[in-house]
Each structure stands twice: as C-alpha cells, then as structure tokens.
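Protein chains in written order, with my numbering: chain A, 505 to 618; chain B, -12 to 102.
All C-beta atoms, glycine included, are put in the ideal place defined by N, C-alpha and C.
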C-alpha cells in the first residue's frame, strides 16, 4: 500500500513563475491537508480538501495560491507569480476520515524561488 | 491562543539515556487525538505515536511512549535509551472536533543526542 506521494521533491523557480505541487493521497483516503513549513519553523495549515471540494482554506494566502483535488488525479497546490518568500517546504497529508485519527504525510516538496 | 504548546525549543540528551519532550494542549472537546512526529534533517515527517483522548492506557511504540495526563492536558513524549539517530525535530499535534479535525502542530523541539 503506497504512502502519500508528493512530487516534485524539489522545485526551483524564478520570481514571477508558477509552481505546481502534486499530492496523491494514500489509497482509500479522501481527505487531504496541505501545510507549509518555513525554515526553522513548524507546520502551518494551508488548506483542507476532499474530492472536488475545498473544505477549509483559512490558512491559504488570499492571492496567488490555489488548491484543488479533482475527482480523478492528485491534489494540486498552485502558486502563481512566486516570490522569494514562497520558498519553503510544502507537505501534504491524508487521512481516511474526518476524525481524530492518524494523519499520513508525504515526504514534502521543497520550493526554492530564485 | 496556542492549541499546542511545546515549551522546549531545544533538548540535549546523552546516548542511551531517556528523554522527555513536553507538549501541552488546549481543547474543550471530549474527543480528540494527539500525535507525535519526528522530522530528521532529511525533512520527511515520520509518525511516531498516537493517543486517543478516550484511551485509558498510555500509548507505546517500541522506545516511544506517550505520557498522557488528561487533567493536566499534557501529552509528553518519552524516548527511552536514546540513540544518535533520534537527533531530529519533534512535533506534537492534535485533531479535535472543534477544529474541524484539522491537525494543529506545535512549534517543535529540537533534540540532539550526544555520544
């Protein structure tokens, strides 16, 4: 049973370009969470999605950031017109239910903006 | 208000000794889950241990145990017989109904194990 798969593992973009980060949850998991981790800091919640629905995007910056989780295919976190401050590790996690149970993480995608 | 508080930014321990990493939480829910994750320098988030609020026994997983004190709202991680490979960041997290079950993380504790 494959774990949570994130790609790319490393992404380099120049200022103003777009970054697309992908997350395939564990099989049977329909709840996906995206987190951002700045250097030397903890994980900050960005967005919570279920298939075809954004449930909570309270942690997402209002501009340039968007997320989706289509019926088929991975969840995608999209950052338009990247700036240096977007450089961070972006983690995706999945769970089978919306409850108090365990959360499974991907290995993260590290975005560097030049 | 912080939902998860980890008051120790950094901890040092001698190899083969035990170490306790502190975590306190804030919730008004009766049902919640508490987690610990390890993040080594390679960056991945490794699940260590889980404690449900209704679990009467403290959770244990190998050398990891969770000292769950519900009345004090604390969920400290105890690592017995520390190994050099335990050097990493450790994060405490919680899922609660009042937070829509969105996992909330503490700021982490950096553990360094000395030979």
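- Cβ contact annotation for residue 548/A (same chain, cutoff 8 Å, sequence separation greater than five): 539, 540, 541, 542 and 563, in chain order.
- Residue contact check for residue 602/A against chain B: a CB pair falls below 8 Å.
- Residue environment for residue 553/A: buried (at least 16 other C-beta atoms within 10 angstroms of its C-beta).
- Within the model, the alpha-carbon separation for residue 516/A versus residue 609/A is close to 22 Å.
- For the region 20 to 32 of chain B, residues whose beta-carbon sits nearer than 8 Å to a beta-carbon of chain A comprise 20, 22, 24, 30, 31 and 32.
- Among the residues facing chain B, residue 594/A is not included, as its CB has no counterpart in that chain under 8 Å away.
- Counting only runs of 3 or more residues that sit fully inside the region 22 to 51 of chain B, the beta strand (DSSP E) segments are 33 to 39, in chain order.
- Any Cβ of chain A closer than 8 Å to the Cβ of residue 78/B would place that residue at the interface, and such an atom is present.
- Nearest Cα to residue 74/B within the set 95/B, 61/B and 12/B: 95/B.
- Judged by pairs of C-beta atoms under 8 Å, the region 522 to 536 of chain A touches the region 586 to 606 of chain A, as three or more such pairs exist.
- Residue 560/A belongs to the set of residues whose beta carbon lies under 8 Å from a beta carbon in chain B.
- Here residue 579/A is buried. Its C-beta has 16 or more other C-beta atoms within 10 Å.
- In this structure, 41/B is the residue among 62/B, -9/B, 41/B and -2/B with its C-alpha nearest to the C-alpha of residue 18/B.
- According to DSSP, residue 66/B shares a beta bridge with 6/B and 51/B.
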